[in-house]
Amino acid sequence: MSRIARLSDVLINKIAAGEVVERPASVVKELVENAIDAGAGTIRVELDGGGVDRIIVSDDGHGMGRTDAVACLERHATSKLRELDDLFHIDSMGFRGEAIPAIASVSRFTLHSAAANSEVGTRVSVEGGGPPLVEDAPPRTGTVITVEDLFFNVPARRKFLRRGDTELKHAEEAVVRLALAYPEVGFFASHEGGALFSSAACPDDPRERIAAALGSTSHPHLFPVEERRLGVAVTGYAASPEFTFNNARGLYTFVNRRYIRDRGLIGTIQRAYQDFLAAGRQPVVVLHIDVDPRAVDVNVHPQKQEVRFADARGVQEAVTAALSRMLRAAPWLGSGVEGAAPQAGQPMDAAHYAHAVERFLTRAQEAAWGGPLPTAMDAPGPGPGAPSLGPLGQGARPGALPFAAAVGQAPAFGQAQPQLNEAPPPGYFGALRPLGMLGGRFHVCEGPGGTLVVMDPHAALERARLTGYLRALESGKPPPAPTLFGTTLELPVAAAKALVEGREALSRLGFDVEPFGGTTVALKTVPPGLEGADARSLLEALARALPPKSATLDTVSLAEAVRVMACHAAKQAGAVPLSDAQFRALLGELDRADFHPTCSHGTVVVLEMPLLELERRAR
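Residues 1 to 619 in UniProt numbering are what the sequence shown lists, from first letter to last.
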């Protein structure tokens, strides 16, 4: 008796399912790819129970007649290959003819379709790979496939599935990948009636599809990339280095519209950005690589997520050239010239500034927990193309303080590089419409274009006071008339010694401090704005910030002391909520303030959320 026997078709399909159908996301991917191959203009994906309980994929493609509807359930039955040579120039998403029978073998499967202009449709039902039940059905446009109780007859496989929300995330990501590959097709996904992903066809501006996938705030930061060489075309969009993620979830690469995860390509993209990103940040890039189908093998992985290029180095070089050209041009700075810096006084749109302040807040939080923000002494020098900031500020933008470099540039893109620094557009704060207070602390305003703006009054006051104190110091004029204060304080030895030795520096700043015996000092006058400050805390902070006795008293050496003054002035002024008139006056000061020097804590003034982002989150 022969020991070798042919496996049954049912068992063969279950083995195939183990390779093709790993989880609900695999089912979504295979069915949506079939809909794309069918010429669909709109694809809808409905999920229940994370996709384990039910998956419905419907399309408006060309549909199938009864013969094809039944044949598609047979293993290796496909409309995409006819002979061996076809395997070497595949231009469709699917081609093996394994997905449908594999899915039907591990679920309760129903297909409803009809050929174009047909008077009757076809419904085919299969339960766990059993014989198909074929019956007439109402005619419809395209095809709808329902997959229920996935792996109900393979309990060993089902128990290895993750929690419902984890499986749902994978299924949603499968839709996103295909949506990015085909912006001319509308994609709509939902879970138990709630929208997951919604994007109408947008063939004219693929950035809209990317924004739908990665968030509406990404749209203004996306720039086209393109490189065409013999046999290779690289197109797509890459985000400026100011819009990044802390992981690689924003990296999407497609080869002939098929999503792939190639380590070589990912490494090439990361190397192109390595000089522009802070440590731990990942770029956002959506790249389409088009090559001759005969120059790439897509039949090397069951999930088709890995490919083999005939000329892998040539593809990587083309990707490097495309990204490097965009990054060197730095279009996010408002100039199309390679290496050019922003034009002097050039306004920035609100969305651009909103993300800039969000970056500042992140840096401030990092500084609060992990050390001080970079200053002029430890920050890297200007990069190529940056305006030169000499001792008198030559090359600085109008309105910028000439000593901005001395007091430290506000970091941007995760680095302290002057040419990448950003400031609000002219008149930004004056255009805000106050709405009220949030939590008794934050001011909430409506910004240009219906944006929601949340302002930190302490940060705003500190910025305004810093600008005022620095401009007074830089002018070289005598300090404004100090305010009588009159108090004596006993301080630690080191603090008292530093203050006595630094009396000349304190005088330049508007303080009158005299020794009063031992470690006691008399504080007689303070600069305007510091009348209600905590004298002990202020003097101890100034003692640490004053320059050495031998230092030249200029804007460089006194910069840290000025930051201390601004912080304490803001602290005491913000102890009482601002009236409407005071808040309006503060907005006017902010429009005249310089946002280049860093404040004591590196804090930012506002966070802004566009209306489109609010609408997206409200769905």
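Glycine residues also receive a C-beta, built at the ideal position from the N, C-alpha and C atoms.
- request: Go ahead and label proline 155 buried or exposed: buried means 16 or more other beta carbons lie within 10 angstroms of its beta carbon, across all protein chains shown.
  value: By one-based count along the sequence shown, residue 155 stands at place 155. When all chains shown are included, proline 155 counts as exposed.
message: I'd like the span of the alpha helix (DSSP H) that includes glycine 468, first residue to last.
response: Here residue 468 refers to the residue found at position 468 of the sequence shown. Start and end: 457-475.
- prompt: Just reading off the beta strand (DSSP E) that valine 112 is part of, what are its end residues?
  reply: The residue given as residue 112 occupies position 112 in the sequence shown. The sequence given here has histidine at residue 112, not valine. Run containing histidine 112: 108-113, per the beta strand (DSSP E) assignment.
Local conformation of glycine 436 per DSSP, three classes: Numbered from its first residue, the sequence shown carries residue 436 at position 436. Residue state, collapsed to three classes: strand.
- prompt: Cβ atoms of alanine 239 and leucine 222: under 7 Å apart, would you say?
  reply: For the purposes of this step, residue 222 is taken as the residue at position 222 of the sequence shown. For the purposes of this step, residue 239 is taken as the residue at position 239 of the sequence shown. Result yes, Cβ atoms of leucine 222 and alanine 239 sit closer than 7 Å.
query: Using the C-alpha atoms, what's the distance from histidine 443 back to methionine 437?
result: Residue mapping note: residue 437 aligns to position 437 of the sequence shown, counting from 1. Residue mapping note: residue 443 aligns to position 443 of the sequence shown, counting from 1. For methionine 437 and histidine 443, the distance between alpha carbons rounds to 5 Å.
- prompt: Where does serine 216 land, buried or exposed, given buried means 16+ other C-beta within 10 angstroms?
  reply: Sequence index remark: in the sequence shown, residue 216 carries index 216 (1-based). Serine 216 is buried by the Cβ-count criterion.
message: Rounded to the nearest angstrom, what separates proline 424 and valine 232 at their Cα positions?
response: Sequence index remark: in the sequence shown, residue 424 carries index 424 (1-based). Sequence index remark: in the sequence shown, residue 232 carries index 232 (1-based). Using only the alpha carbons, I get a separation of about 41 Å.
task: Drop a sphere of 10 angstroms on the beta-carbon of glycine 280, count the other beta-carbons inside from all chains shown, and report buried for 16 or more, exposed for fewer.
output: To locate residue 280, count along the sequence shown from 1; it is residue 280. Glycine 280 should be labelled exposed.
- request: Would you tell me roughly how many angstroms separate the C-alpha atoms of alanine 137 and glutamate 74, rounded to the nearest one?
  value: Start at 1 with the first residue of the sequence shown, and residue 137 comes out as number 137. Start at 1 with the first residue of the sequence shown, and residue 74 comes out as number 74. Cα-Cα distance, rounded: 21 Å.
- prompt: Can you name the start and end residues of the alpha helix (DSSP H) that lysine 159 belongs to?
  reply: Looking up residue 159 in the sequence shown gives position 159. That residue, lysine 159, is in no alpha helix (DSSP H); it is neither H nor E in DSSP.
message: Once the 5 residues before and after arginine 508 are set aside, which same chain residues still bring their CB inside 8 Å of it?
response: Taking the first residue of the sequence shown as position 1, residue 508 is located at position 508. The residues are Leu473, Pro479, Leu553, Leu558.
task: Could you check what DSSP says for alanine 368 in three-state terms: helix, strand or coil?
output: Locating residue 368 in the sequence shown gives position 368, counting from the first residue. Its pLDDT being 42, under 50, alanine 368 is placed unreliably by the model, and the measurement read from it follows with that caveat. Correct three-state label for alanine 368: helix.
field: Nearest candidate by alpha-carbon position, reference glycine 39, set Cys445, Ala116, Phe109, Val124
entry: Indexing the sequence shown from 1 puts residue 39 at position 39. It is Ala116.
field: Contained beta strand (DSSP E) runs [length at least 3] in the UniProt domain "DNA mismatch repair protein S5" (210-328), N- to C-terminal order
entry: 222-229, 232-239, 251-255, 258-260, 285-291
- prompt: Using CA coordinates, which residue listed in Val27, Val526, Asn256, Val500 is at the minimum distance from threonine 520?
  reply: In the sequence shown, residue 520 corresponds to position 520, counting from 1. The candidate whose alpha carbon is nearest that of threonine 520 is Val500.
- prompt: Start and end of the beta strand (DSSP E) containing aspartate 48?
  reply: Walking along the sequence shown from the start, residue 48 turns up at place 48. Its beta strand (DSSP E) spans residues 42-48.
query: From alanine 102 to phenylalanine 109, what does the alpha carbon distance come to, in whole angstroms?
result: Counting from 1 along the sequence shown, the entry for residue 102 is found at position 102. Counting from 1 along the sequence shown, the entry for residue 109 is found at position 109. Taking the straight line joining both Cα atoms gives about 11 Å.
Distance between valine 298 and valine 605 (C-alpha atoms, nearest Å): Walking along the sequence shown from the start, residue 605 turns up at place 605. Walking along the sequence shown from the start, residue 298 turns up at place 298. Approximately 51 Å, taken between the alpha carbons.
- request: Compute the distance between the beta-carbons of glycine 63 and glycine 193, then report whether it is under 7 Å.
  value: Along the sequence shown, one-based indexing puts residue 63 at 63. Along the sequence shown, one-based indexing puts residue 193 at 193. Contact: no.
query: The alpha helix (DSSP H) spanning serine 507 covers which residue range?
result: Indexing the sequence shown from 1 puts residue 507 at position 507. Element bounds for serine 507: 503-509.
message: Let's test the definition: count the other Cβ atoms within 10 Å of the Cβ of asparagine 256 and tell me whether it reaches 16, buried, or not, exposed.
response: For the purposes of this step, residue 256 is identified with residue 256 of the sequence shown, where counting begins at 1. Under this definition asparagine 256 is a buried residue.
Extent of the continuous beta strand (DSSP E) to which aspartate 591 belongs: As a position in the sequence shown, residue 591 is number 591, starting the count at 1. From DSSP, aspartate 591 is part of no beta strand (DSSP E) but of the alpha helix (DSSP H) over 580-592.
query: On the premise that glycine 164 lies in contact with valine 52, defined as a C-beta separation below 8 Å, what is that separation, rounded to the nearest angstrom?
result: As a position in the sequence shown, residue 52 is number 52, starting the count at 1. As a position in the sequence shown, residue 164 is number 164, starting the count at 1. That belief holds up - the Cβ atoms of valine 52 and glycine 164 are roughly 7 Å apart, short of 8 Å.
task: Count the other CB atoms, across all protein chains shown, that sit within 10 Å of the CB of serine 579; report buried if there are 16 or more and exposed otherwise.
output: Here residue 579 refers to the residue found at position 579 of the sequence shown. Serine 579 should be labelled exposed.
message: Within a Cβ cutoff of 7 Å, which residues of the same chain sit near alanine 213, ignoring the five residues on either side of it in sequence?
response: Here residue 213 refers to the residue found at position 213 when the sequence shown is read from its first residue. If we look at alanine 213 and ignore the five residues flanking it on each side, its Cβ neighbours are Val176, Ala179, Leu180.
task: Starting from aspartate 53, follow the beta strand (DSSP E) in both directions and report where the run begins and ends.
output: Counting from one through the sequence shown, the residue named residue 53 turns up at place 53. First-last for aspartate 53: undefined, no H or E at that position.
- prompt: How should aspartate 292 be labelled, buried or exposed, when 16 other C-beta atoms within 10 angstroms of its C-beta is the threshold for buried?
  reply: The residue labelled residue 292 in the question sits at position 292 within the sequence shown. With fewer than 16 Cβ atoms within 10 Å of its Cβ, aspartate 292 is classed as exposed.
message: Is lysine 159 close to chain D? Criterion is C-beta to C-beta, closer than 7 Å.
response: Considering every chain present, this structure includes no chain D. It has just one protein chain.
field: Minimum length 3: unbroken beta strand (DSSP E) runs contained in the segment 146-210
entry: 186-191, 194-199
- request: State the Cα-Cα distance for the pair glutamate 589 and alanine 171, rounded to the nearest angstrom.
  value: Residue 589 sits at position 589 when you count from the first residue of the sequence shown. Residue 171 sits at position 171 when you count from the first residue of the sequence shown. Approximately 50 Å, taken between the alpha carbons.
query: For the putative contact between cysteine 445 and leucine 461, defined by C-beta atoms under 8 Å, what is the C-beta separation to the nearest angstrom?
result: On the sequence shown, position 445 is the one that residue 445 refers to. On the sequence shown, position 461 is the one that residue 461 refers to. Contact flag wrong, Cβ pair sits at about 16 Å.
Top-ranked residue by Cα proximity to aspartate 59, from Arg207, Val28, Gly50: Within the sequence shown, numbered from 1, the residue matching residue 59 stands at position 59. Checking every option, the nearest Cα to that of aspartate 59 belongs to Val28.
- request: Could you check what DSSP says for leucine 542 in three-state terms: helix, strand or coil?
  value: Against the sequence shown, residue 542 aligns to sequence position 542. In the structure shown, leucine 542 sits in a helix (DSSP, three-state: H, G or I).
field: Residues that proline 515 bridges to, as DSSP identifies them
entry: What you label residue 515 is simply residue 515 of the sequence shown in a count that begins at 1. Partner(s): Val521.
field: Cβ-based neighbour list, arginine 54, same chain, cut-off 6 Å, excluding 5 preceding and 5 following
entry: As a working mapping, residue 54 is identified with position 54 in the sequence shown. These residues qualify, in order along the chain: Asp48, Glu148.
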